[in-house]
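**Student:** Count along the sequence shown from 1, then add 55; that gives the number in the numbering used here. Right, I'll just put the structure down here and ask away after.
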Amino acid sequence: MIEAALKLVILFGLALEVGKLLLAYMLWNLPGIKGRGIALLAIAMGGNAAVLFLGHYDTFYFLISALTLLMVFYAFSHPAAGAFAGILTGIGGLFTLGFGSVGGLAAGVLLTGTKKRQTFGFFAGAGLIMAAMLYCAGIPVWDIAWKCLENQQLFQQMSGRGYWIWSALNVLDALLFCGVLPCLMIFVPPAGRGRVFQMWLCALFFWLFILFSGGARGEFGRLAVVYLPALLLILGIRLGET
């Protein structure tokens with residue numbers, strides 16, 4: 056059992072590091088990013104939430120999120136990459152409904168980017184194909200998702216977890232698990248009005264949504280693992296512009 060546990064920790068640790076390398080690659084290739092050493096440092100110092108859950112498969116979400124952001128990054132110049140983003144969103148959604156925040160971020164960026172109709176068509180089409188394949192395999196993904204949401208709401212009602220106090224605790228969780236700097240820099244817009252600005256705007260919207268939607272009360276640290284790559288990417292962009 057100890058050997059198996061150590062192998063899992065090593066596997067998820069490698070997934071975390073690969074995810075960071077993907078974020079660093081995007082920063083390195085984004086136009087207008089200076090001080091790349093500082094930008095890469097932002098990636099190296101991040102991952103608090105993922106490290107704290109290193110013995111749990113939640114850490115693997117960090118890699119899937121980073122891969123999704125990479126495909127969105129490529130979709131600006133290669134619309135077909137949007138299909139891979141759709142597939143990855145479907146895979147992430149199989150494991151946690153929290154991955155919907157990353158899927159929403161991807162959809163928002165693709166809808167506001169260049170060649171948006173074609174790119175978003177690839178994204179949505181691939182996602183729907185995945186859902187259809189699962190239905191054919193006897194896995195009713197939408198029914199499962201709604202049942203999970205109903206169970207979550209029932210649990211929150213039975214446990215007496217009120218919206219306002221737990222929304223405040225979500226903010227505290229975000230600062231503790233994700234770090235103060237990533238949480239603050241997400242509110243500072245990047246320079247220019249290109250694809251980086253579009254990604255920042257969508258990332259900010261969905262970050263506020265998962266913080267204050269009331270969907271996560273008391274487990275926000277685990278949910279933050281899913282969204283942390285977006286925070287670190289924005290942090291690297293902001294530091295790279297200074």
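Idealized CB from N, CA, C, for every residue including glycine. Small disclaimer: the values here were computed from a predicted structure and weren't measured.
Compute the minimum distance between the beta carbon of Gly153 and the heavy atoms of the ligand HEM, and state whether it is under 7 Å.
**Tutor:** Because no ligand of any kind appears in the structure shown, any question about the ligand HEM cannot be addressed here.
**Student:** Consult DSSP for Asp228 and reduce its assignment to one of helix, strand or coil.
**Tutor:** Working through the sequence shown from its first residue, we reach residue 228 at position 173. Correct three-state label for Asp228: helix.
**Student:** Let me know if Phe242 comes out buried or exposed under the rule of 16 or more other beta-carbons within 10 Å of its beta-carbon.
**Tutor:** Against the sequence shown, residue 242 aligns to sequence position 187. Exposed, because fewer than 16 other Cβ atoms sit within 10 Å of the Cβ of Phe242.
**Student:** Given that a residue counts as buried once 16 or more other Cβ atoms are within 10 Å of its Cβ, and exposed if not, what is Leu116?
**Tutor:** The residue labelled residue 116 in the question sits at position 61 within the sequence shown. Looking at the sequence itself, residue 116 is Tyr, so the reference to Leu does not match. With 16 or more other Cβ atoms within 10 Å, it is buried.
**Student:** Just reading off the alpha helix (DSSP H) that Ile301 is part of, what are its end residues?
**Tutor:** The structure shown does not extend to residue 301, since the chain is modelled only from 56 through 297, so no value can be given for it.
**Student:** Would you identify the three-state DSSP class for Pro195, choosing helix, strand or coil?
**Tutor:** On the sequence shown, position 140 is the one that residue 195 refers to. In the structure shown, Pro195 sits in coil (DSSP, three-state: anything other than H, G, I, E or B).
**Student:** What is the DSSP secondary structure of Pro134, reduced to helix, strand or coil?
**Tutor:** Here the question's residue 134 lines up with position 79 in the sequence shown. Residue state, collapsed to three classes: coil.
**Student:** Starting from the Cα of Leu236, find the closest Cα among Asp198, Arg293, Val196 and give me that residue.
**Tutor:** Here residue 236 corresponds to residue number 181 of the sequence shown, with the count starting at 1. Selected option, being the one with the closest Cα: Arg293.
**Student:** Can you tell which of Glu296, Ala79, Ala162, Arg216 has the C-alpha that lies nearest to the C-alpha of Leu118?
**Tutor:** Your numbering for residue 118 matches position 63 in the sequence shown. Among Glu296, Ala79, Ala162, Arg216, the Cα nearest to that of Leu118 belongs to Ala79.
**Student:** Is Leu71 near Thr123, with beta carbons less than 8 Å apart?
**Tutor:** For the purposes of this step, residue 71 is taken as the residue at position 16 of the sequence shown. For the purposes of this step, residue 123 is taken as the residue at position 68 of the sequence shown. No, the pair does not count as a contact, with Cβ atoms beyond the cut-off.
**Student:** If you follow the alpha helix (DSSP H) that Ile289 is part of, which residue opens it and which one closes it?
**Tutor:** Counted from its first residue, the sequence shown places residue 289 at position 234. First-last of the alpha helix (DSSP H) with Ile289: 275-296.
**Student:** Would you say Gly153 lies against chain D (beta-carbon separation less than 8 Å)?
**Tutor:** Protein chain content of the structure displayed is limited to a single chain, and chain D is not contained in it.
**Student:** Starting from the C-beta of Ala140, find all residues in its chain whose C-beta is less than 6 Å away, skip the five residues before and the five after it, and write them out in chain order.
**Tutor:** The count along the sequence shown starts at 1 and reaches residue 140 at position 85. Hits under 6 Å: Thr123, Met126, Val127, Ala161, Phe178.
**Student:** How big is the Cα-Cα spacing for Met240 and Ile289?
**Tutor:** In the sequence shown, counting from the first residue as 1, residue 240 sits at position 185. In the sequence shown, counting from the first residue as 1, residue 289 sits at position 234. Those two C-alpha atoms are separated by around 7 Å.
**Student:** Kindly confirm or deny that the region 268-286 and the region 224-235 touch, where touching means at least three C-beta pairs closer than 8 Å.
**Tutor:** yes
**Student:** According to DSSP, simplified to helix, strand and coil, what is Ala246?
**Tutor:** Within the sequence shown, residue 246 is the residue found at index 191, counting from 1. Here Ala246 sits in coil by DSSP.
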